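Residue numbers (this note's numbering): 123 to 583.
The beta-carbon is built from N, C-alpha and C at its ideal position, and this holds for glycine as well.
All values derive from a computational prediction rather than experimental measurement.
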């Protein structure tokens, strides 16, 4: 009871707060009578008036009412939907300020969760033009209060869909295709899924766009295999877009919020599209992962190659290899490369990509890295260099344990989540490895996400 009385704010109250730092997702953080207050859309160094929206035992969250003292990095958000949409979080911060925030966030998380001080974290490599960079869009369908079909991002912290006609971080073609899908769904009277009732057909729409090839693909995620209007919708969509080479129905009958199911039906054209990265060609199918920012991906892979320091004599592991993009970059400089991936369609694409690019020194193995890697080691296949690009959850401990066991000399860790990176690096450093350097790369401008490449080496003796 005493704890409750110490909370100095209540919901609906307006207070003045000085902001002196950022939280994980870019919200400003200040203190009021010693109590932590999070204020989205506020910047370090600002004094703001905030209306308290939520109060917890150890912190409160407020809505920005007015900026009383501006930070020099503040800019007017370029997007009219910014206040509603949860897609971007940093449009009110100038681009240089965003890059500095991301670097500092990485340093802070490594120190707080990993205990690492004084690690060399280079300045973030940003984009010359940080707009229209995304080659993939994935939006839920919904019905608004007027009974109209809407497609767009979720409003931040909710499952309310903000109808998104244009997005400043999406390629124009993605937005134009999305707008046509909305029109056709409305015009053909196709039912839209309601996650509260579990009724309705169309759940999500994805557009994948080959920046280099100019080819595009649409994936319509349905709650049921029955889609009587599917082929006609696909045909009408394709007549308006010569770039459209593939329309696929993905069937997701699960009740949760996982986007993709594991069954696909081709409604129009091919089962995937082709794109290029550098001088390599890749097939991208409905369910396989391909980096969403092609321009920065090339920089990311060049840095991973540089850190791998390949001479042509090494056997290299690419864990969590997806469709084999990084694997094939590594194969150009290595003796041989093994790629491991858990998604069957991605492995099929990876094998096709190896043939397409005449890479004869790669082997792809399907399965979870934590299961496959120890088996490879048990039959005498060990590695000089390991490259890992895990999901946000980071590496499974068994993967790291195997690296330690076989004494892999160099590990190149590509991370999209500083928290799990700090945890995994701590595991390795406690078992005979050291962090050499870290290069952050801005893969997702105007969002709080930060990607980086880390060089980890085994300490001699």
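Nearest residue (CA-CA) to residue i, options the options
i           : options               : result
residue 440 : 392, 467 and 491      : 491
residue 539 : 511, 365, 450 and 519 : 511
residue 485 : 167, 393 and 438      : 438
residue 427 : 201, 171, 577 and 202 : 577
residue 403 : 473, 434, 345 and 382 : 473
residue 448 : 435, 346, 399 and 129 : 399
residue 385 : 345, 521, 335 and 183 : 345
residue 310 : 214, 353, 172 and 519 : 353
residue 298 : 273, 200 and 171      : 273
residue 542 : 568, 572 and 128      : 572
residue 235 : 217, 546, 567 and 349 : 546
residue 420 : 401, 406 and 409      : 401
residue 422 : 494, 436, 452 and 407 : 452
residue 464 : 493, 370 and 347      : 493
residue 329 : 308, 380, 281 and 408 : 408
residue 237 : 552, 355, 282 and 569 : 552
residue 368 : 216, 496, 388 and 477 : 388
residue 378 : 319, 337, 342 and 349 : 319
residue 619 : 375, 343, 466 and 489 : For the chain, the structure presents residues 123 to 583; residue 619 sits outside this window and is missing.
residue 268 : 285, 257 and 324      : 285
Residues of its chain near residue i, where Cβ-Cβ distance is below 6 Å and the 5 sequence neighbours each way are ignored
i           : result
residue 254 : 293
residue 430 : 507 and 534
residue 558 : 577 and 579
residue 411 : 444
residue 425 : 561 and 575
residue 183 : 160, 175 and 176
residue 304 : 271 and 273
residue 415 : 255 and 565
residue 413 : 419
residue 537 : 543 and 574
residue 134 : none
Whole-number beta carbon distance between residue j and residue i, since they are thought to touch under 8 Å
i           : j           : result
residue 275 : residue 208 : 6 Å
residue 487 : residue 507 : That belief does not hold up - the Cβ atoms of residue 487 and residue 507 are roughly 17 Å apart, past 8 Å.
residue 442 : residue 513 : 7 Å
residue 395 : residue 339 : 5 Å
residue 326 : residue 260 : 6 Å
residue 242 : residue 462 : The Cβ separation is near 29 Å, so there is no contact.
residue 265 : residue 564 : At roughly 36 Å, the Cβ-Cβ gap does not stay under 8 Å, so residue 265 and residue 564 are not in contact.
residue 186 : residue 162 : 7 Å
residue 170 : residue 139 : 6 Å
residue 331 : residue 296 : 6 Å
residue 145 : residue 166 : Not quite, the Cβ-Cβ distance comes to about 11 Å (not below 8 Å), so this is no contact.
residue 211 : residue 148 : 5 Å
residue 450 : residue 476 : 7 Å
residue 470 : residue 397 : That belief does not hold up - the Cβ atoms of residue 470 and residue 397 are roughly 17 Å apart, past 8 Å.
residue 505 : residue 528 : 7 Å
Status (buried if at least 16 other CB within 10 Å, exposed otherwise) for residue i
i           : result
residue 176 : exposed
residue 581 : exposed
residue 214 : buried
residue 188 : exposed
residue 321 : exposed
residue 164 : buried
residue 141 : buried
residue 125 : Reliability fails at residue 125, whose pLDDT of 48 lies under 50, so the model's placement of it is uncertain and the value that follows must be treated cautiously. Its Cβ having fewer than 16 others within 10 Å, residue 125 is exposed.
residue 567 : buried
Residue i, enclosing alpha helix (DSSP H) - first and last residue
i           : result
residue 440 : No alpha helix (DSSP H) holds residue 440; the beta strand (DSSP E) holding it covers 437-441.
residue 645 : This structure does not reach residue 645, given that the chain is present from 123 up to 583, and the question cannot be answered.
residue 236 : 217-236
residue 427 : 416-430
residue 511 : That residue, residue 511, is in no alpha helix (DSSP H); it is neither H nor E in DSSP.
residue 191 : Looking at the DSSP string, residue 191 is not in any alpha helix (DSSP H); the run it does join, the beta strand (DSSP E), is 181-191.
residue 525 : 519-528
residue 310 : 294-310
Continuous beta strand (DSSP E) stretch holding residue i: start and end
i           : result
residue 562 : 555-563
residue 391 : 385-391
residue 262 : 258-265
residue 165 : Taken as a continuous stretch (DSSP letters only), residue 165 belongs to no beta strand (DSSP E), as it is neither H nor E.
residue 323 : Element bounds for residue 323: n/a, residue is neither H nor E.
Close Cβ partners of residue i (< 8 Å) along its chain, the five nearest in sequence each way excluded
i           : result
residue 434 : 455, 456 and 457
residue 123 : With a pLDDT of 42 at residue 123, under the threshold of 50, the modelled position of that residue is not reliable, and the figure given next carries that caveat. Counting only Cβ-Cβ distances below 8 Å, and skipping sequence neighbours, we find nothing.
residue 301 : 287
residue 221 : 245, 246, 248 and 564
residue 351 : 310 and 312
residue 405 : 394, 395, 396, 445, 471, 474, 475 and 478
residue 136 : 171, 172, 173, 174 and 187
residue 239 : 233
Neighbourhood of residue i by C-beta distance below 7 Å, restricted to the same chain and skipping five residues each side
i           : result
residue 584 : Since the first residue shown for the chain is 123 and the last is 583, residue 584 is missing from the structure and cannot be characterised.
residue 278 : 208
residue 132 : 174 and 177
residue 205 : none
residue 200 : 213 and 290
Short CB-CB distance (under 8 Å) between residue i and chain B
i           : result
residue 142 : Structure shown: chain B not included; a single protein chain is present.
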